[in-house]
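Read the structure below first, then the notes.
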Amino acid sequence: MIRPLLGALALLAFAAPAASAADAEIFATNNTAVITDPADPRLKDNLKDFARQVERIVADGGGDPRGSQLLDGVFFDGGTTTFERSREFDVDHVSESELHTIADTIRARFGQQSVLTFDQLPAGSRDVDAVQLDVPGVTATALRTGLLNDAEARERLFGGSVTQDQHLLLVASLEDADLARKFAKAIGGDVKRAKTKYGKREFVEGPLPARVERGTLVISGTADDDALSLLRRPGRIEVGVGDATFAFAARDVDRIRVDGGDGTSDTLSLADHRLDLRAVGDHVRAGDVDLDGVEIVTATADELSVGDLSATDVFQVNADADRTTAYGSEGDDQISFGSFGLLGPTFIQLVNPSLDRSLTVDGRGGDDIISAASAAVDLTLVGGSGDNVLIGGPGDDHLIGGDGFDDVSGGKGEDVAFLGGDFDRFTWKPGDGSDVVDGGASRDSLSIQGTNDGEAYALNPDGRGLRFTVGDTALALAGIEEVDPVLGSGEDTFAIGDLSRTGAQLVDISLASLPITPLGDFIADRITVAGTDKPDALKLAGKIVVGGTATLTGLPWTVNVSHAESFDTLAIDGRGGKDTLDTSAFTAGTIGVEFAG
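Counting in the numbering used here, the sequence shown runs from 717 upward without gaps.
Here it is, written out as structure tokens:
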């Protein structure tokens, strides 16, 4: 191990370094023994093979090796004088992080406790914390004798090195620079011809928490809970590890690896225009960033997508994004969204939610239940390929079914629903908003849950679709073949227009009170049905089991009324055509009947 002189620069008048000086220097050895005899044959090794290996490490680490010189070191530690052969390596075109990583690679490769680096800087730089003093006219013997005779230098400087052409090299901290100059002069050094380099020194005893290794930016946490950050700016990447910050040229980084360490709540803050967090095995991948050992991710982006991270260490994502998409697993998920955030395979906490921001929840495969209880953002729920339950919240939601059976309800707000390809059901109840529902290609139904108050309902054609209204609320329906209202108690009316051009196949009305019982609601309800503008040959069947059930056929759609009572009314308006009504299969008392042919 090289122990360069610890010292300081107060007011030194040494010459400035030459323009051809290297950008940085590394002081290193391959010696691991404690040598106390200056005649030890190991001190004759010129370390040429070691020099070749180090220069390869420098080149692999992104630096430009410019050669090295052999040094004879004399050190004083714990009352013992030791001797060591080493080399000083000149390195160009290297960043601070790369210099540290190169030195740590040398340290680990050759079993050293530490390796000294000196990163040359302009004399006036605020980052200068050390000087390197090059004093001609000093031998190794003079250095040894001087340390033995000067207790202050021995205790504060520990030692130094001499080149083969008898130049004393001292790397000293700023506060000990006067002592270094005084000591060099006392042992015969020609301080008038001395040269001084200003820079930043470091005793490298392990890897930096953020460093570039062969094109990979490595960010390492500790055994504690760490706060890490990664920010991309034009041309550079900024990394935060606790209170320390590091900057790297983007052109030097091909990929990024983050290891949070052994903490239980390590946090990584990511910021980019678009972030895609997904699981790759037990790691999390975000573009070119690989995460391991990170429990909490704070993501700031314009667009953010979060996959199923349940097999990774990440248990929470703080989403600060304009557009966030969260994905479920390929299994059966229960995903809920509220003021607490999004609870699913990955917990997502929304940062600064607002209606100007959107959240899409995609259940993917499996039979999922996805529900919302908050209107904090513009919300979209996507069921995926399984049989899903989608429950909207109080806001204006988008609800998208999939290939399986989807049971969808919009809740309050003006929702838009696309039900998908299989048989699906959309549920609406008074108090919900004016929704738009597209059932898709398959047979789909609208389920209406009434109240125990009297309501006036209407179902009419709207182009090739349907329009369902109650009070000031209207639903626009496309691709809905079946409408299934349960009217509840109260004096209700339900008017059905001419649905012949809409694709409707069945209107199945229950007059039961809520909750449903086998009987009716004991209050007179009225159902009106409009025929087509053509002659209609209608048939009405009816029977009484507990409550009455009446079925009207002969129109392009069927009307079924259940839980009927004799004082309820089914009014059929043939609209003035040559219409007929066959009641041969109708049991009197099932429901009151009015017919206008």
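Glycine is no exception: its CB is placed at the ideal position from the N, C-alpha and C atoms.
| query | result |
| --- | --- |
| If Leu849 sits next to Ala896, beta carbons under 8 Å apart, how far is it from one beta carbon to the other, in whole angstroms? | 6 Å |
| Would you report the Cα separation of Thr1028 and Val1013, rounded to the nearest angstrom? | 12 Å |
| Counting pairs of Cβ atoms below 8 Å between the stretch 1177-1196 and the stretch 1145-1157, do you hit three or more? | yes |
| Return the Cβ separation of Val1186 and Glu1171 in integer angstroms, given the expectation that the two are a contact with Cβ distance under 8 Å. | 6 Å |
| Relative to the C-alpha of Lys913, which residue among Ala888, Leu1215, Arg1242 is closest? | Ala888 |
| Give the DSSP-derived three-state secondary structure of Leu1235 in the structure shown. | coil |
| For Val1067, tell me which candidate among Phe791, Glu868, Asp1036 has the shortest Cα-Cα distance. | Asp1036 |
| Specify, as a first and last residue, the run of the beta strand (DSSP E) that His989 falls within. | Element bounds for His989: n/a, residue is neither H nor E. |
| Is it buried or exposed, Arg1217, if we count other Cβ atoms within 10 angstroms and call 16 or more buried? | exposed |
| Which whole runs of the beta strand (DSSP E) in the stretch 1081-1141 are 3 residues long or more, in chain order? | 1085-1088, 1094-1098, 1104-1107, 1114-1116, 1122-1125, 1132-1134 |
| Return the CA-CA distance between Ile1164 and Gly1129, expressed in angstroms with no decimal places. | 16 Å |
| Under 8 Å by Cβ, that's how I've got Gly693 and Pro1234 pegged, so tell me the actual separation to the nearest angstrom. | Any answer about residue 693 is impossible in this case: the structure gives the chain only from 717 up to 1313. |
| With a floor of 4 residues, list each alpha helix (DSSP H) that falls wholly inside the stretch 812-846, ordered by position along the chain. | 812-825 |
| If contact is defined by three or more beta carbon pairs under 8 Å, each pair taking one atom from either stretch, is the stretch 1113-1128 in contact with the stretch 1088-1105? | yes |
| So for Leu677, helix, strand or coil by DSSP? | Outside the modelled stretch of the chain, which goes from 717 to 1313, sits residue 677, for which no answer is possible. |
| For Asp941, collect the residues of the same chain with a Cβ closer than 7 Å to its Cβ; drop the 5 residues on either side in sequence, then sort them by chain order. | Gly979, Thr980, Ser981, Asp982 |
| Round the Cβ separation of Asp1160 and Phe1139 to the nearest angstrom and send it over; I've been treating them as touching at under 8 Å. | 7 Å |
| Name the DSSP bridge partner or partners of Gln1050? | Ile1085 |
| Does the pairing of the stretch 785-792 with the stretch 827-846 give three or more beta-carbon distances under 8 Å? | no |
| Quick one: residues in its chain with C-beta nearer than 7 Å to the C-beta of Leu837, no 5 flanking neighbours on either side, listed in chain order? | Asp843, Val844, Tyr914, Gly915, Lys916 |
| Below 8 Å on the Cβ atoms is my contact criterion, and I expect Asp1018 with Arg1039 to pass it. Report the Cβ-Cβ distance as a whole number of Å. | 7 Å |
| Quick one: Cα of Asp1350 to Cα of Phe962, how far? | Only positions 717 to 1313 of the chain appear in this structure, which leaves residue 1350 out of reach. |
| Could you give the DSSP three-state label for Gln769: helix, strand or coil? | helix |
| Any chance the stretch 1297-1310 sits against the stretch 1271-1284, with 3 or more Cβ pairs inside 8 Å? | yes |
| Check the C-beta distance from Gly1079 over to Gly1044 and give it rounded, since I have them as a contact under 8 Å. | 4 Å |
| Is the separation between the beta-carbon of Phe743 and that of Glu804 shorter than 8 Å? | yes |
| Give the list of continuous beta strand (DSSP E) stretches no shorter than 3 residues that lie fully inside the stretch 948-1009. | 952-957, 960-965, 971-975, 983-987, 990-996, 999-1002, 1005-1008 |
| Within a Cβ cutoff of 7 Å, which residues of the same chain sit near Asp1119, ignoring the five residues on either side of it in sequence? | Ser1101, Gly1136, Gly1137, Asp1138 |
| Mapping the DSSP letters down to three states, classify Arg1183 as helix, strand or coil. | strand |
| Roughly how many angstroms lie between the CA atoms of Lys911 and Arg948, to the nearest whole one? | 40 Å |
| Can you say whether His989 is buried or exposed, counting buried as having 16 or more other CB atoms within 10 angstroms of its CB? | exposed |
| Helix or strand or just coil, what does DSSP make of Ala893? | helix |
| To which residues of the same chain is Tyr1173 closer than 6 Å at the C-beta, ignoring the five residues directly before and after it? | Val1186, Phe1210 |
| Determine whether the beta carbon atoms of Thr759 and Phe799 lie at a separation below 8 Å. | The amino acid at residue 759 is misidentified as Thr; the sequence shows Leu. Yes, they are a contact pair. |
| Just tell me which of Ser1021, Gly937, Asp1084 has its CA closest to the CA of Glu1011. | Gly937 |
| Could you tell me whether the stretch 859-875 touches the stretch 927-934, where touching means 3 or more Cβ pairs closer than 8 Å? | no |
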